[in-house]
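These notes are about the structure you will find just below.
There are 2 protein chains.
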Amino acid sequence: MDTDPNDLSRIIDAAAESATVLADSTPADRAGWLSHTADAIDAAADELVPLAAEETHLPENPRLRGELARTTFQLRLFAEVLADGEFLRATVDHADPQWPMGPRPDIRRSVVPIGPTLVFAASNFPFAFSVAGGDTAAALAAGCPVVLKAHPGHPRLSTRTGAIVREALLETGAPDGIFEVIHGIDAGTTALRHPVIAAAAFTGSVPGGRALFDIATARPRPIPFYGELGSVNPVVVLPDAVRARSRQIVAGFLGSFTLGAGQFCTKPGLLLLPSGHGLTDALRTAVRDTPGQPLLNDRIADSFRTRVTSLREHRSVTALSLPDIEADLLAPTLLTVSATDFLAGGELLHQECFGPAALIVEYANSAELQALLAALEPGLTATVFAEDSEIEEVRPLLPALTALAGRLIWNDWPTGVTVTWAQQHGGPYPATTAPTTTSVGAAAIDRFLRPVAWQGFPDSLLPPALREDNPWRLPRRIDGKRD
Amino acid sequence: MDTDPNDLSRIIDAAAESATVLADSTPADRAGWLSHTADAIDAAADELVPLAAEETHLPENPRLRGELARTTFQLRLFAEVLADGEFLRATVDHADPQWPMGPRPDIRRSVVPIGPTLVFAASNFPFAFSVAGGDTAAALAAGCPVVLKAHPGHPRLSTRTGAIVREALLETGAPDGIFEVIHGIDAGTTALRHPVIAAAAFTGSVPGGRALFDIATARPRPIPFYGELGSVNPVVVLPDAVRARSRQIVAGFLGSFTLGAGQFCTKPGLLLLPSGHGLTDALRTAVRDTPGQPLLNDRIADSFRTRVTSLREHRSVTALSLPDIEADLLAPTLLTVSATDFLAGGELLHQECFGPAALIVEYANSAELQALLAALEPGLTATVFAEDSEIEEVRPLLPALTALAGRLIWNDWPTGVTVTWAQQHGGPYPATTAPTTTSVGAAAIDRFLRPVAWQGFPDSLLPPALREDNPWRLPRRIDGKRD
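Protein chains in written order, with the working numbering: chain A, 1 to 483; chain B, 484 to 966.
Rendered as structure tokens:
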């Protein structure tokens with residue numbers, strides 16, 4: 001049931017109140033809250049996973065069990081980030097009368113929580129990008145209260161997960177108001193316009209994310225909006241790789257673009273193959289042998305059917321498979337087009353098609369491949385399959401590939417997005433609305449932190465991270481040098 | 484003369500072309516370019532400073548000479564940031580089959596230049612926030628070509644400085660297209676809408692900055708817009724400080740709010756004094772003794788006159804000085820209001836008035852002071868004057884002060900903004916449109932860098948920062964641990 005305006009108002013007021021308490025919490029406090037929350041979710045797995053399966057049509061094993069493990073791992077990784085302390089970017093410049101541009105006062109910089117954060121959950125990851133997902137984990141780690149707008153695709157799971165998260169947080173001493181789940185489009189957009197909300201995060205479609213981004217930036221006081229929208233995730237295969245590994249490439253591609261019924265933001269939607277690749281029969285067979293799957297919900301299925309129908313009807317496109325598009329279980333659709341036709345073919349061919357479909361683009365030579373890369377829509381990932389013998393042929397492609405994406409992948413499929421210190425999940429628009437940030441990995445915490453400098457302050461009024469005796473033993477930069 | 488559309492188009496194409504070359508430049512290359520540019524500007528000081536004085540009405544000494552020194556120091560500081568290498572945030576996670584959420588591939592993260600950057604120069608700092616100013620220095624340091632929209636207040640200085648910068652960059656091997664100055668509102672907004680432009684930075688007024696922010700966010704592909712807009716910069720004085728240092732506070736306040744004719748983004752526009760402070764006569768005398776100054780240009784002067792007239796006519800406000808507002812040289816205007824009237828007085832009292840005017844707000848007790856702080860518009864700075872005996876009275880004010888600003892200052896005036904590693908110049912809107920960033924100090928480079936992860940890449944195709952043997956000897960995080 002949608003959150004009514006009175007409840008929403010109470011929730012946002014409580015978030016605002018808890019923000020002050022949270023700003024005074026230590027990283028160690030928050031690490032404890034996150035670890036306990038992870039334990040509580042793990043303990044509830046046997047209740048949550050079947051609920052998720054029921055609401056999303058995703059298989060329990062290995063998909064939903066794996067996603068839950070990813071989710072609790074992510075909470076624990078942020079506990080490590082908090083213990084590490086580098087995220088505080090503690091920087092101390094002592095007063096210096098000889099500073100070349102003129103005498104310098106004592107000035108010290110660290111970060112504070114940005115404030116109450118609104119998180120919009122995704123449809124396609126009911127755990128990892130939803131109630132207790134990456135954005136929530138990163139914002140809580142940063143010390144921000146979270147108002148979580150549930151995705152309508154899994155409302156009961158959201159309510160239940162929300163209750164578990166809330167209880168775990170409060171049990172370990174977090175302030176009331178730190179976390180609440182809200183439901184309904186109106187509640188979400190009202191919250192997004194509320195003056196108390198200081199930042200918002202979103203994972204979902206380009207139209208949905210763009211509409212919310214437009215609201216966030218049109219506010220009297222605009223706020224950062226971290227939207228992770230869409231991506232075509234091109235995969236370039238070079239000729240020697242085709243020759244050496246045709247079977248693995250066909251099987252891997254089928255597995256990757258149909259994983260989760262193609263409803264991953266990193267689904268490889270475009271496969272760039274050299275002309276004369278000789279894989280057509282193998283691809284056709286592999287597609288035919290891949291069973292149909294249900295999509296997450298009717299809205300997504302309808303939009304997929306419309307889109308695939310347009311693609312099939314596109315005059316330059318040839319279908320390698322023509323599954324029954326009206327079936328409940330949707331078998332994969334694979335299409336091909338030449339590079340020339342792709343370049344002339346308009347937006348339909350260039351943009352993400354969410355669901356089990358992919359387009360093969362055949363390039364005649366390296367000049368045509370370069371022209372393709374220059375014309376692709378940017379996104380989350382760009383992948384290269386090549387043999388060691390082709391390294392020098394890849395080198396000139398790297399500038400174009402780097403301009404295209406936030407993650408470059410060598411000889412592997414983009415659908416695996418590991419959660420680590422070095423992960424980057426983002427990229428130029430429409431991959432995200434905030435290309436200097438990531439929504440996965442340790443650096444995701446930075447989105448919810450605001451730098452502040454303290455000038456000439458008495459030591460006892462400084463945050464611990466900046467006190468002269470460094471009570472938290474943080475890595476710091478002192479007078480321009482790393483500790 | 485305004486840049487015509489053909490020239491603009493040529494300039495942007497050249498920037499796009501140079502971006503690829505720049506992405507391949509090393510931090511050491513760029514450090515050399517910046518240092519040489521600083522030397523070239525210093526060498527031209529005797530030509531540039533008089534030109535600046537003529538166009539801006541700002542005094543040569545110490546103001547413009549000091550600002551030029553600040554500007555070249557800033558270029559050199561970024562050369563140090565480049566040599567230091569931490570800005571690359573090099574992070575290496577080796578493949579780990581035991582990674583708790585599932586086997587982890589080798590994944591490595593660093594940053595790349597965001598791409599061609601459009602910088603809008605400010606009126607009030609013809610050097611430090613203009614052609615060769617902080618945004619330009621940070622973007623060039625990051626490896627981004629810069630298209631610089633000159634401020635119409637100092638067009639000849641902008642053209643001349645631009646020529647010196649461009650020549651210095653090219654002399655040291657930077658690619659053609661790395662830096663060009665453009666003129667005219669149309670050229671600026673056309674460039675801001677151009678698909679090649681990947682980020683923009685701005686220093687100026689709230690209405691001007693907001694209009695440009697709205698253009699940047701409404702693009703088909705929105706881009707980061709780093710706008711530094713306005714700030715009221717409240718200064719809180721506690722009772723013991725008034726008693727102990729009345730003379731210094733009066734003199735310091737007058738000096739700070741009239742510095743540069745009050746045309747600083749960190750001008751203390753609000754002075755919060757305890758009721759019965761007894762400073763009224765001293766303030767009145769000090770204001771009367773402060774000579775009038777010309778404003779930067781007629782547009783700013785007109786807008787200042789309109790605004791000050793409204794303030795004088797506000798029914799709750801009492802004027803401590805009533806200088807001739809139509810004079811060419813504008814003497815400072817000082818006004819007072821009670822906390823109660825200020826809280827009920829509407830936007831006019833709460834927002835920045837650019838020019839030599841300030842408002843004193845009298846608070847009756849600490850509860851009223853807390854209420855004031857909760858109601859103030861956020862901004863760049865918040866300042867406290869207090870004696871050591873009052874430290875425990877300041878402590879409960881800190882959460883509100885921190886929520887208000889990007890820099891908190893103890894017993895000093897906000898108009899000095901030193902350039903250091905720890906500096907933070909930003910804050911919640913309207914201080915900036917990007918509260919997680921700074922436009923002054925070493926961290927300003929981060930605005931123009933985009934993180935990228937390389938997954939499973941052959942060592943020879945990785946950027947040097949991420950190669951296994953760490954050829955640049957960078958500080959790195961390896962498998963979660965700092966090197």
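Virtual Cβ for every residue (Gly too), placed ideally from N, Cα, C.
Here the structure is a predicted model, which is why all the values come from computation and not from measurement.
Across which residues does DSSP place residue i in a beta bridge pair?
i: A:Y226; result: A:A201
i: B:D576; result: B:I590
i: A:V361; result: A:L272, A:V337
i: A:V250; result: Bridge partners of A:V250: none, in fact.
i: B:V629; result: B:T600, B:F662
i: A:V112; result: A:R450
i: B:T864; result: B:R890
i: A:V165; result: In DSSP, A:V165 forms no bridge with anything.
i: A:A319; result: A:L335
i: B:T915; result: B:E711
i: A:I478; result: A:V92, A:K481
Assign residue i to buried or exposed, taking buried as 16 or more other Cβ atoms, counted over all protein chains shown, within 10 Å of its Cβ.
i: B:M584; result: buried
i: B:D811; result: exposed
i: B:I590; result: buried
i: B:N607; result: buried
i: B:S872; result: exposed
i: A:K481; result: exposed
i: A:T117; result: buried
i: B:P617; result: The displayed chain sequence assigns Gly, not Pro, to residue 617 of chain B. B:G617 is buried by the Cβ-count criterion.
i: A:L75; result: buried
i: B:Q746; result: buried
i: A:D479; result: exposed
i: B:G889; result: buried
i: A:L322; result: exposed
i: B:S943; result: exposed
i: A:Q248; result: exposed
i: B:E538; result: buried
Between the options, which lies nearest to residue i when the distance is taken from Cα to Cα?
i: B:P774; options: B:A814, B:P946, B:P542, B:G909; result: B:A814
i: A:T3; options: A:V147, A:W99, A:V21, A:P126; result: A:V147
i: B:H519; options: B:G735, B:P588, B:E851, B:L653; result: B:L653
i: A:G143; options: A:E387, A:D29, A:P268; result: A:D29
i: A:A168; options: A:D39, A:D214, A:L373, A:G184; result: A:D39
i: A:V452; options: B:A936, B:V923, B:A657, B:W955; result: B:V923
i: A:L279; options: A:R315, A:D46, A:L320, A:A218; result: A:L320
i: A:T24; options: A:A122, A:G134, A:A141; result: Before going further, note that residue 24 of chain A is Asp rather than Thr in the sequence given. Here the closest residue by C-alpha is A:A141.
i: A:L48; options: A:D7, A:A244, A:H154, A:V92; result: A:H154
i: B:S501; options: B:A573, B:L859, B:I597, B:D529; result: B:I597
i: A:D484; options: A:V112, A:W33, A:N61, A:P414; result: In the structure displayed, chain A extends from 1 to 483; residue 484 of chain A sits before or after that span and is not available.
i: A:W472; options: A:L398, A:E86, A:I445; result: A:E86
i: B:E663; options: B:A633, B:H833, B:V867; result: B:A633
i: B:T503; options: A:L466, A:L397, A:Y226; result: A:L397
i: B:L551; options: B:R702, B:A657, B:P690, B:S613; result: B:S613
i: A:V236; options: A:D289, A:E393, A:G426, A:F127; result: A:E393
i: B:D525; options: B:A605, B:A611, B:I495, B:H540; result: B:A611
i: B:I661; options: B:N848, B:A615, B:K750, B:I698; result: B:A615
i: B:P717; options: B:A784, B:L832, B:A727, B:A683; result: B:L832
Below 8 Å, can you find three or more Cβ-Cβ pairs linking the segment 910–928 of chain B to the segment 707–714 of chain B?
Output reads yes: the segment 707–714 of chain B touches the segment 910–928 of chain B.
At a Cβ cut of 9 Å, what residues of the segment 914–944 of chain B count as close to chain A, listed as they run along the chain?
Taking 9 Å as the Cβ-Cβ cut-off against chain A, the residues of the segment 914–944 of chain B that qualify are T916, A917, P918, T919, T920, T921, G924, A925, A926, D929, R930, F931, L932, R933, P934, V935, A936, W937, Q938, G939, F940, P941, S943, L944.
Give a yes or no on contact between the segment 723–741 of chain B and the segment 828–843 of chain B, applying the rule of three or more CB pairs nearer than 8 Å.
Short answer: they touch.
Chain-ordered residues of the segment 36–49 of chain A with a beta carbon less than 9 Å from chain B:
With the criterion set as a beta carbon lying under 9 Å from some beta carbon of chain B, the segment 36–49 of chain A has no members that meet it.
Which residues, taken in chain order from the segment 884–899 of chain B, show a beta carbon closer than 7 Å to some beta carbon of chain A?
Those residues of the segment 884–899 of chain B that come within reach of chain A (Cβ to Cβ, closer than 7 Å) are T885, G889, R890, L891, I892, W893, N894, D895.
If you measure beta-carbon to beta-carbon, which residues of the segment 717–745 of chain B are closer than 7 Å to chain A?
Residues passing the 7 Å Cβ filter: none.
Segment contact, 8 Å Cβ cut-off, at least three pairs: the segment 189–196 of chain A with the segment 5–13 of chain A:
With a cut-off of 8 Å, the segment 5–13 of chain A and the segment 189–196 of chain A count as touching, because enough Cβ pairs lie within range.
Cβ contact (3+ pairs, closer than 8 Å) linking the segment 641–651 of chain B and the segment 566–580 of chain B:
Verdict: no, contact absent.
Which residues of the segment 659–691 of chain B have a Cβ closer than 9 Å to any Cβ of chain A? Give them in chain order.
So the list reads A681, A682, given in the order they occur along the chain.
The segment 12–33 of chain A: which residues have C-beta closer than 8 Å to a C-beta of chain B, in chain order?
Residues of the segment 12–33 of chain A with a C-beta atom less than 8 Å from some C-beta of chain B are T20, A23, D24, listed in chain order.
For the segment 365–379 of chain A, which residues have a CB atom closer than 7 Å to at least one CB atom of chain B, in sequence order?
Per Cβ criterion, the list is empty.
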